[in-house]
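Mapped onto this note's numbering, the consecutive letters of the sequence shown carry residue numbers 3 to 281.
Where is the CB? At the ideal position from N, CA and C, for every residue including glycine.
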Amino acid sequence: MNIGRRDLICGLGGLAVGGAMLGLGGVEAKAAGQTQQAAGRFDQVGGAFGWKAHKLDPKECAQVAYEGYWHKGFGCGFGTFYSIVGLMGEKYGAPYNQFPFAMLEANKGGISDWGTICGALYGAAASFSLFWGRKEVHPMVNELFRWYEVTKLPVYNPGDAAQGFKGDMPMSASDSVLCHISVSKWCYENKVEADSKQRSERCGRLTADAAFKAAEIINAKIDQGKDFKSTFPMQKSVTYCGECHMTKDNDANWAKGIMDCTPCHSGTAATQNKFLNHP
């Protein structure tokens with residue numbers, strides 16, 4: 003078969019155009035985050051803590067967090083995380099809108115009903131760490147966690163948009179960041195069944211409160227940068243543990259210290275009170 007010069011040039015031109023289109027397709031795919039990969043193990047696209055934080059309206063975050071709590075029953079961790087990262091996705095697109103938000107459902111019930119850390123707190127703290135490293139996140143978490151422990155919650159009231167229970171709800175301070183203690187204390191003080199819609203409503207509203215506070219913290223962090231400091235002092239029981247377990251050459255090393263303090267860390271309400279009042 004004879005191929006003329008014109009045909010050859012046209013053919014090469016078609017290949018060139020096709021290759022260019024494929025190249026553009028690859029760029030578009032990378033821009034969408036579909037095929038982009040980091041250079042090596044443990045590396046991530048954009049670098050660690052490479053996402054940019056944006057200021058958010060705390061009131062809007064509270065509303066979205068409340069709705070997120072009820073969305074498909076995904077719960078508190080999903081609610082707070084989506085109210086921050088999801089809202090950034092709605093407003094700014096990629097990369098925020100590419101996060102698999104449903105994975106935060108694992109935090110429901112203090113992480114798969116284990117009653118450990120309150121999922122609303124985890125969702126907020128996890129969002130902090132998308133933007134800042136541990137040293138900078140530390141005072142942010144201190145601020146959020148101590149606020150949660152000492153503030154009478156829930157404050158948020160969705161009004162007619164309430165999905166579990168309408169009307170005002172009793173408030174109390176949890177004195178703990180643990181789901182089990184936070185829920186149990188509120189239920190005990192207010193004579194509410196733990197499996198009731200009223201209790202679920204309480205956690206939904208508390209999720210909104212946590213999102214509101216988290217947004218305030220993020221906004222302050224953006225303004226203050228590395229100068230951001232927690233307004234709450236570290237809890238005495240927490241600093242006491244550090245004095246025992248984290249003092250170099252101290253006889254009470256980690257192994258011995260943990261054995262001695264096992265009752266304080268068991269997670270029951272009675273032993274938690276003992277932990278809070280540790281001498």
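Locate the alpha helix (DSSP H) running through residue 72, then write down its first and last residues. First-last of the alpha helix (DSSP H) with residue 72: 60-72.
Roughly how many angstroms separate the alpha carbons of residue 173 and residue 157, rounded to a whole number? Going from the Cα of residue 173 to the Cα of residue 157 covers about 7 Å.
Quick one: Cα of residue 235 to Cα of residue 148, how far? Near 8 Å, if we compare the C-alpha coordinates of residue 148 and residue 235.
Write down every uninterrupted run of the beta strand (DSSP E) in the stretch 109-174 whose length is 3 residues or greater and which is fully enclosed by it, in chain order. Assignment of beta strand (DSSP E) within the stretch 109-174, counting only whole runs of 3 or more residues, yields no such run.
So, at 7 Å on beta carbons, what are the nonlocal neighbours of residue 26 in its own chain, with the 5 sequence-adjacent residues on each side left out? Summary for residue 26: the model assigns pLDDT 44, below 50, so the residue's position carries little reliability, and this model does not support an answer.
Cβ contact check for the stretch 124-138 and the stretch 180-197: 3 or more pairs under 8 Å: These segments do not touch.
When 232, 115, 60 and 146 are compared against residue 90, the one with the closest alpha-carbon: Of the candidates 232, 115, 60 and 146, the one whose C-alpha sits nearest the C-alpha of residue 90 is 60.
Once the 5 residues before and after residue 228 are set aside, which same chain residues still bring their CB inside 8 Å of it? Here the set comprises 138.
By DSSP, does residue 83 sit in helix, in strand, or in coil? Residue state, collapsed to three classes: helix.
CB-CB length for residue 107 against residue 77, believed under 8 Å: Confirmed, Cβ separation roughly 6 Å.
Using the Cβ count rule (16 or more neighbours within 10 Å means buried), how would you classify residue 178? Flag for residue 178 reads buried.
What residues are listed by DSSP as bridge partners for residue 106? Under DSSP, no beta-bridge partner is assigned to residue 106.
Sorted by chain position, which residues of the same chain lie with C-beta nearer than 6 Å to residue 132's C-beta, five sequence neighbours on each side aside? Hits under 6 Å: 53.
Could you pull the start and end residues of the alpha helix (DSSP H) that residue 216 belongs to? That run of the alpha helix (DSSP H) goes 199-226.
Own chain, CB closer than 8 Å to residue 232, minus 5 neighbours either side, in chain order: Once the five neighbours on either side are set aside, the close Cβ partners of residue 232 are 141, 142, 144, 145 and 148.
What residue range does the alpha helix (DSSP H) around residue 180 cover? First-last for residue 180: undefined, no H or E at that position.
Spatial neighbours of residue 1 within its chain, please: C-beta separation below 7 Å, excluding the five flanking residues on both sides. Because the chain in this structure spans residues 3 to 281, residue 1 falls outside the shown range and cannot be described.
Using only the alpha-carbon positions, how far apart do residue 171 and residue 130 sit? If you draw a straight line from the Cα of residue 171 to the Cα of residue 130, it comes to about 29 Å.
Can you tell me whether residue 44 is buried or exposed, with buried defined as 16 or more other CB within 10 angstroms of its CB? Exposed is the label assigned to residue 44, since fewer than 16 other Cβ atoms lie within 10 Å of its Cβ.
Could you name the residues of the same chain whose beta carbon sits closer than 8 Å to that of residue 196, not counting the 5 residues immediately before and after it, in chain order? Within the same chain, 185, 186 and 189 come within 8 Å of residue 196 by CB-CB distance, once the 5 residues on both sides are set aside.
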